[in-house]
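> So that we are looking at the same thing, I have put the structure below in structure tokens.
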Amino acid sequence: MYRYDEFDRTFVKERVAEFRSQVERRLDGSLSDDEFRPLRLMNGLYLQLHAYMLRVAIPYGTLSARQMRQLAMIADQWDKGYGHFTTRQNIQYNWPKLSDVPAILDALAEVEMHAIQTSGNCIRNVTADQFAGVAFDEVEDPRPTAELIRQWSSLHPEFTFLPRKFKIAVTGAAHDRAAIKAHDIGLRVLRHPDTQAIGYEVSVGGGLGRTPLIGKIIRAFLPRQDLLPYLEALMRVYNSEGRRDNKYKARVKILVHETGIEEIRKAVEEEFAVMDGPSIAADLKEVERIAAYFAPPAYETLPAASTSLQAALESNAIFARFVETNSFKHKVPGYRAITVSLKPIGGAPGDATSDEMRALADAADQFSFGELRVTHLQNIVLPYVKDDDLFALWSFLTDHGLATANIGLITDIVACPGMDYCALATARSIPIAQAIATKFADPDRQKLIGELGIKISGCINACGHHHIGHIGILGLEKSGEESYQITLGGDATETASIGERLGPGVTADAVPDTIERLVDIYLAERQADERFIDTYRRVGLERFKGAIHAVDA
Amino acid sequence: MANDLLDGDVVFLGPSKWELSHRKAQIAHSVAEAEALQARAAISFKANIIVDPYLVQVTMGAEGEPIPVHYRERMRTLGPTTRLDLGKQAEA
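Keeping their order, the protein sequence lines are chains A and B. Just add 964 to the spot in the first sequence (first one is 1) and you have the numbering used here. Just add 52 to the spot in the second sequence (first one is 1) and you have the numbering used here.
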């Protein structure tokens, strides 16, 4: 894992001291609300419906057990004993008091964490494939690239006041698990077809929110050493050409959409050609230094098949279901990456209590070289679990209520906090997720339905990524009541697509039954081993329209 | 309705100070009364006691308590609907 150097440490410490002084000045009246608001937002502190909310960055979702324990301690000492893992691989605390926030930031700094650039019109936390460094299908670990971008973009003077916020995601595999096409910039590590040199496919202009768009490829192959100069050229074009007259048209996706990818490409290449690239490019030694932090752990040489695992699988069907659903193929023989679901039936998606966080930290120490990942699907990954340890891990997780076997299934629902917490929300998200999960609680039925991603947002800003859910649900207000608009056919992967609207919105109570009717139509139409999205693409939206009953609208 | 600057708690303007319970909120029955509440809120805002104050349309409940017309503000008087152990509803 990346460790702070002296510069990082000093900078974060100074920043906390600065914020402490700003809070003091706000409380004694020296700073007005207008003056203080941008300062608190620069430190991840929002004001929500019931309380302040602190958003803490987890760069590319990678956490150590020590950091996870500190997050649990913060939840106990200054919050209400839990936190919420988000679709941006961050964690949010829902109840901090303003006067406690500097102490929380100090506690975060102790474990090399902070809340900088988790808000505001800057380059936000860089996200990555949760299986970075361990995925069997990976070209290269995307995290050194993500870390390089994090360092380059942190307080970059040119990009502190962009037209709007800016999100970058990186994947190191052809199969996109980081939703890169839904980001302002998406990077995919790949090899040049002729030279086999490592480089990047760069897409730009993806994004969800009120105008959902899929990113377009602006450079099919960018040599590795050109990464930062090229990104800087692209950011410069956006910074000067992006709209500042209308907040809703200020994201780079609108610039790309209105100007056209050809013209944007030309402008970026022109900027790239005249800039002093070598002065911006990362020093090779620095790139190597960063990469060294992500060196593989001390793997054991293990046989590809574990006899103890095989015996446990044969003797325990519940364990076998867990392994089938929650494990991911590792690049090293004898190991797997295990996803721990934060979606127990009836739970709030992405929420974890401090006890659960400590249990996850203990599990990481005992079974996964002390490392964890937060996924953009609001679950936690233990990236290095030996096949021989799987049964012991599962038993441990079971004892802590963390062995829900539903990864990728209909109850593995993504949901933003919605109106239960968020000041921007127009409707609730969490209770909708809970009601759907409860309806489909039967594990056999979930297995029968297969891969199906439901994503729920409580407003048009789409933090719940509803546009790219196989089934998307958007909570709105209609005549003073919550109303839920359903979309079908969204896809967050390399075959990215934006969901299409099924029909009029339905009431909160009608959502679970509507989903059930959609599932029934899918099962009736399904051929062979088609997933929901495959069937949907083959038969089209029209076939599903009967799922909405007029009485529910 | 507003947020307490220090705690972030949802607070309601009572006869003499900002209150944690909506039951103690002052109710305006005319435009003039509403404007008077807004003027008091503006003073509290300037004095750095509260932030984001606004008027909320209410009906009166059986016990004489104000009930916000909109579900958003109703939730603000209670707390998260998915965590009845948290927020004002837990203290009631």
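By construction, the Cβ of each residue, glycine as well, lies at the ideal position given by its N, Cα and C atoms. Computed from a predicted structure; not experimentally measured.
A/K1350 versus chain B: which residues are under 7 Å apart at the beta carbon?
Taking the first sequence and counting its residues from 1, one reaches residue 1350 of chain A at position 386. Those do not exist, as A/K1350 stays about 37 Å from chain B at its closest Cβ, beyond 7 Å.
> Does the beta carbon of B/T134 come closer than 8 Å to any beta carbon on chain A?
Taking the first residue of the second sequence as position 1, residue 134 of chain B is located at position 82. Yes, B/T134 counts as interfacial toward chain A.
> Taking a cut of 8 Å between CB atoms, which residues from the region 119-130 of chain B lie near chain A?
V121, H122, Y123, R124, M127, R128
> Given a threshold of 16 other Cβ atoms within 10 Å of its Cβ, counted over all protein chains shown, does B/M112 qualify as buried or as exposed?
Residue 112 of chain B sits at position 60 when you count from the first residue of the second sequence. Counting Cβ neighbours within 10 Å, B/M112 comes out exposed, since fewer than 16 surround it.
> Rounded to whole angstroms, what's the CA-CA distance from A/A1369 to A/P1468? Just pull it up for me.
Within the first sequence, residue 1369 of chain A is the residue found at index 405, counting from 1. Within the first sequence, residue 1468 of chain A is the residue found at index 504, counting from 1. Straight-line Cα distance between these residues: approximately 33 Å.
> Any Cβ of chain A within less than 8 Å of the Cβ of B/G113?
For the purposes of this step, residue 113 of chain B is taken as the residue at position 61 of the second sequence. No, because no Cβ of chain A sits closer than 8 Å to the Cβ of B/G113.
> For the beta strand (DSSP E) that A/Q1056 lies in, which residues bound it at each end?
Here residue 1056 of chain A refers to the residue found at position 92 of the first sequence. Note, A/Q1056: beta strand (DSSP E), 1055-1057.
> Do the region 1420-1428 of chain A and the region 1380-1399 of chain A touch if we need at least three Cβ pairs shorter than 8 Å?
Taking 8 Å as the limit for Cβ pairs, the verdict is that the region 1380-1399 of chain A does touch the region 1420-1428 of chain A.
> What does the Cβ neighbour count give for A/N1175, buried or exposed, with the cut at 16 atoms within 10 Å?
For this step, residue 1175 of chain A is matched to residue 211 along the first sequence. Per the sequence shown, residue 1175 of chain A should be read as Thr rather than Asn. Classification for A/T1175: exposed.
> Quick one: is A/A1275 buried, meaning 16 or more other Cβ sit within 10 Å of its Cβ, or exposed?
Numbered from its first residue, the first sequence carries residue 1275 of chain A at position 311. Result: exposed.
> So for B/L130, helix, strand or coil by DSSP?
By 1-based counting over the second sequence, the position of residue 130 of chain B is 78. Residue state for B/L130 is assigned as coil, using DSSP reduced to three classes.
> Give the DSSP bridge partners of B/V63, in chain order.
In the second sequence, counting from the first residue as 1, residue 63 of chain B sits at position 11. Paired residue(s): B/A54.
> Taking only the alpha-carbon atoms, compute the straight-line gap between A/S996 and A/A981 and give it to the nearest angstrom.
As a first step, residue 996 of chain A is located in the first sequence; it is residue number 32 there, counting from the start. As a first step, residue 981 of chain A is located in the first sequence; it is residue number 17 there, counting from the start. Using only the alpha carbons, I get a separation of about 19 Å.
> For A/L1013, go through chain B and note every residue whose CB falls closer than 8 Å to its CB, in chain order.
As a working mapping, residue 1013 of chain A is identified with position 49 in the first sequence. Residues of chain B passing the Cβ test: V62, R124, M127, R128.
> Are the beta-carbon atoms of A/E1441 and A/L1452 separated by less than 8 Å?
Mapped onto the first sequence, residue 1441 of chain A falls at position 477. Mapped onto the first sequence, residue 1452 of chain A falls at position 488. Against a cut-off of 8 Å, the Cβ pair of A/L1452 and A/E1441 comes out as no contact.
> Using 10 angstroms around the beta-carbon of A/S985, count the other beta-carbons present and answer buried if the total reaches 16, otherwise exposed.
One-based indexing of the first sequence puts residue 985 of chain A at position 21. Counting Cβ neighbours within 10 Å, A/S985 comes out exposed, since fewer than 16 surround it.
> I need the straight-line Cα distance from A/S1359 to A/D1326, nearest angstrom please.
One-based indexing of the first sequence puts residue 1359 of chain A at position 395. One-based indexing of the first sequence puts residue 1326 of chain A at position 362. Distance from the CA of A/S1359 to the CA of A/D1326, rounded to the nearest whole angstrom, comes to 13 Å.
> Buried or exposed for A/G1047, going by 16 or more other Cβ atoms inside 10 Å?
What you label residue 1047 of chain A is simply residue 83 of the first sequence in a count that begins at 1. With 16 or more other Cβ atoms within 10 Å, it is buried.
> Would you kindly report the start and end of the unbroken beta strand (DSSP E) that includes A/S1421?
Taking the first sequence and counting its residues from 1, one reaches residue 1421 of chain A at position 457. Residues 1418-1421.
> What residues in the region 1395-1427 of chain A have a beta carbon less than 9 Å from any beta carbon of chain B?
Residues of the region 1395-1427 of chain A with a C-beta less than 9 Å from any C-beta of chain B: P1395, Q1398, listed in chain order.
> List the DSSP bridge partners of A/K1442.
Against the first sequence, residue 1442 of chain A aligns to sequence position 478. For A/K1442, which the question treats as bridged, DSSP gives the partners A/E1445.
> Applying the 10 Å Cβ sphere with the 16-neighbour rule, what's the burial state of A/V1515?
As a first step, residue 1515 of chain A is located in the first sequence; it is residue number 551 there, counting from the start. Classification of A/V1515: exposed, given that the 10 Å Cβ count is below 16.
> Identify each residue in the region 1368-1386 of chain A for which the Cβ-Cβ distance to at least one residue of chain B is less than 7 Å, and report them in chain order.
M1383, D1384, Y1385
> With DSSP run on the structure shown, which of helix, strand or coil describes A/T1159?
Locating residue 1159 of chain A in the first sequence gives position 195, counting from the first residue. Of the three classes helix, strand and coil, the one that applies to A/T1159 here is coil, per DSSP.
> Over the uninterrupted alpha helix (DSSP H) stretch that includes A/L1346, give me the two end residues.
As a working mapping, residue 1346 of chain A is identified with position 382 in the first sequence. That residue, A/L1346, is in no alpha helix (DSSP H); its beta strand (DSSP E) goes 1344-1350.
> Give me the subset of the region 86-107 of chain B whose CB atoms are less than 8 Å from a CB atom of chain A, sorted by chain position.
F97, A99, N100, V103, D104
> Return the Cβ separation of A/D1208 and A/P1127 in integer angstroms, given the expectation that the two are a contact with Cβ distance under 8 Å.
Here residue 1208 of chain A is taken as the residue at index 244 of the first sequence, counted from 1. Here residue 1127 of chain A is taken as the residue at index 163 of the first sequence, counted from 1. First, the residue type needs correcting, since residue 1208 of chain A is Arg and not Asp in the sequence shown. That pair is a contact at about 5 Å.
> Residues of chain A with CB closer than 8 Å to the CB of B/L65, please, in chain order.
For the purposes of this step, residue 65 of chain B is taken as the residue at position 13 of the second sequence. Near B/L65 there are no residues of chain A at all, since even the closest Cβ is about 17 Å away, more than 8 Å.
> Under 7 Å Cβ-Cβ, which residues of chain B neighbour A/D1040?
Sequence index remark: in the first sequence, residue 1040 of chain A carries index 76 (1-based). Residues of chain B passing the Cβ test: none, with the nearest at roughly 15 Å.
> So that I know if they touch, is there some Cβ in chain B lying closer than 8 Å to that of A/Y1448?
Within the first sequence, numbered from 1, the residue matching residue 1448 of chain A stands at position 484. No - not a single Cβ of chain B is within 8 Å of the one on A/Y1448.
> For a contact meaning CB atoms closer than 9 Å, what does B/L57 contact in chain A?
What you label residue 57 of chain B is simply residue 5 of the second sequence in a count that begins at 1. Within 9 Å Cβ-Cβ: R990, L991, D997, L1062.
> Quick one: complete beta strand (DSSP E) runs, 3+ long, within the region 101-129 of chain B?
110-112, 118-120
> Should B/L138 be flagged as near chain A, meaning a C-beta pair shorter than 8 Å?
Here residue 138 of chain B refers to the residue found at position 86 when the second sequence is read from its first residue. Cβ-Cβ to chain A under 8 Å: yes for B/L138.
> Quick one: what does DSSP say A/I1244 is sitting in, helix, strand or coil?
Position 280 of the first sequence, counting from 1, holds the residue named residue 1244 of chain A. Residue state, collapsed to three classes: helix.
> Can you tell which of A/G1298, A/A1316, A/R1495 has its C-alpha closest to the C-alpha of A/F1100?
Counting from one through the first sequence, the residue named residue 1100 of chain A turns up at place 136. It is A/G1298 whose Cα lies nearest to the Cα of A/F1100.
> How big is the Cα-Cα spacing for B/L138 and A/H1078?
Along the second sequence, one-based indexing puts residue 138 of chain B at 86. Along the first sequence, one-based indexing puts residue 1078 of chain A at 114. Rounded to whole angstroms, B/L138 to A/H1078 spans 26 Å at the Cα level.
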